[in-house]
Every structure is written in structure tokens, then in C-alpha cells.
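Numbering (this note's numbering), first residue to last: -16 to 206.
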């Protein structure tokens, strides 16, 4: 699947990003009395991302010779043009495992889930010495469970039909990325992002929110 996405993204983008990492997720469950269940513990899983990358919202060199209305507007608002030249974005697809474990004596349980989603990141990049740079990002993703099981004692329950898992999950958050340019066409990066589900609807007056933290490394390939 990732190979297919890579070929598809490469066909219309000049820069492709690939990332792989570890997702550590906290489940915030509140029962029908509004009480948080403290027996739930963070779980870990793998995560993959592939995206197209736009390094600058505005390329100042191109806009200086363009006669388009927006280019003319920016030529009269140089401070805005300069700010936009430091901003970038990513749009892509991701696979993530949002897992958790816990126990209610004497019964142990665990949640193992696989989610597919799409995401967008808007960032501000600041160059650093020695071909390094740091980018601060706002992140929004839309995710859907494709596989999942809850182990409860000696039973497995299908989470894809559990209404607290089966709905679309919108996750908003923030992050940062530290990158190092190796060549004009190859850039490595380490990134961290923290998110929280939004707009979760109660099920039987109880709510379940996911708060994943993702640590990843990857490459950006410039065609």
C-alpha cells in the first residue's frame, strides 16, 4: 500500500516525505457519571506517514516576476510575503496504532487498534547552522479504524463494531520537526507530534478520547 501511495504522490509532487515511528497513546475515558477511569495506561504502537511537501507557501523569486493579482498584492505587502515564505505544509496519508492497556482487579485488558487516516500540517520553518532547520507545526488528521480487538480476560472483542471506536476520529495537535540536509535532494528529519481527539460524541453518556504522541524519523526526497 505504501508503495502505491509513494508512486501516486511522486507523480504530482516535487517533494515526498516518508516517516516511521512510535505512537504512544493515552485513552481518556469518562463514565456516565463524568468520572475518569484511572486504570487505563498508555500503550505503544507503530506509525507510518507519507506526504507531499510544499517547502514555501510563497516563493519570493517566482512572485517577483509574476503578474498575477496575488503576486502584485504581495509585492505591495512585502512583510506578509516574507512571512509566507517561511511557512510550509504537508498533506498525506498515515497508518497508526492507537493502543492502551489496563486492569480492574483481577482482570487485565488491552486495546490493540489499527487506524488509517489523512492529515495536513502547516508549519513555520527557521534555518539553523550546519544545514539544520526546525519547523513548528499545527496538525489536523481524520482517522478511521480498520482493525481492532479488545482483550478482556480470556475473550477478544471486535472494536470495529464498538461505537466508541468505529466512528471517524478527528485529531488536532501540534508538533515540531528537526531536519538535516544531506544533499540537495535528500533531507533527514526527526519529528514529534502530540494530538487529541475533537468532537467525540458520548456513547451511553460515557466518552472516550485518544491522545496520541508520535515520535518518528524519516526522509524527504526532492525530485
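Every residue gets a Cβ at the ideal spot worked out from N, C-alpha and C, and that includes glycine.
Item, Value
"Minimum length 3: unbroken beta strand (DSSP E) runs contained in the region 112 to 149", "115 to 135 and 138 to 141"
"Pair within 8 angstroms by beta-carbon distance, residue 93 and residue 28", "no"
"Per-residue burial, residue 126 [other beta carbons within 10 Å of its own, 16 or more giving buried]", "buried"
"Counterpart residues of residue 212 in DSSP-defined beta bridges", "Residue numbering for the chain in the displayed model covers -16 to 206; residue 212 lies beyond these limits and cannot be assessed."
"Residue environment, residue -8, which counts as buried when at least 16 other CB atoms sit within 10 Å", "Residue confidence is low: residue -8 scores 49 on pLDDT, short of 50, so the model does not pin down where it sits. No coordinate-derived value is stated."
"Opening and closing residue of the beta strand (DSSP E) in which residue 199 lies", "190 to 205"
"Reduced DSSP secondary structure (H/G/I, E/B, other) of residue 224", "Only positions -16 to 206 of the chain appear in the structure, and residue 224 is not among them; the question remains open."
"Under the three-state DSSP convention, the category residue 40 falls into", "coil"
"Euclidean distance between Cα positions of residue 4 and residue 30", "5 angstroms"
"Inter-residue spacing [alpha-carbon to alpha-carbon] between residue -11 and residue 33", "Its pLDDT being 46, under 50, residue -11 is placed unreliably by the model, and nothing is read from it."
"Endpoints, beta strand (DSSP E) assigned at residue 12", "-2 to 13"
"Proximity below 8 angstroms, CB of residue 119 to CB of residue 132", "no"
"Inter-residue spacing [alpha-carbon to alpha-carbon] between residue 159 and residue 167", "22 angstroms"
"When 188, 128 and 150 are compared against residue 17, the one with the closest alpha-carbon", "188"
"Buried versus exposed, by CB contacts within 10 Å (16 or more), residue 148", "buried"
"Proximal residues to residue 130 (C-beta, below 6 angstroms), its chain only, five neighbours per side dropped", "97"
"Where residue 67 falls: helix, strand or coil (DSSP)", "helix"
"CA-to-CA distance, residue 109 to residue 69, given in whole angstroms", "7 angstroms"
"Residue 195, buried or exposed, once every other Cβ within 10 Å from all chains shown has been counted against 16", "buried"
"Contacting residues, own chain, Cβ-Cβ under 7 angstroms from residue 177 (five flanking each side not counted)", "156, 157, 158 and 196"
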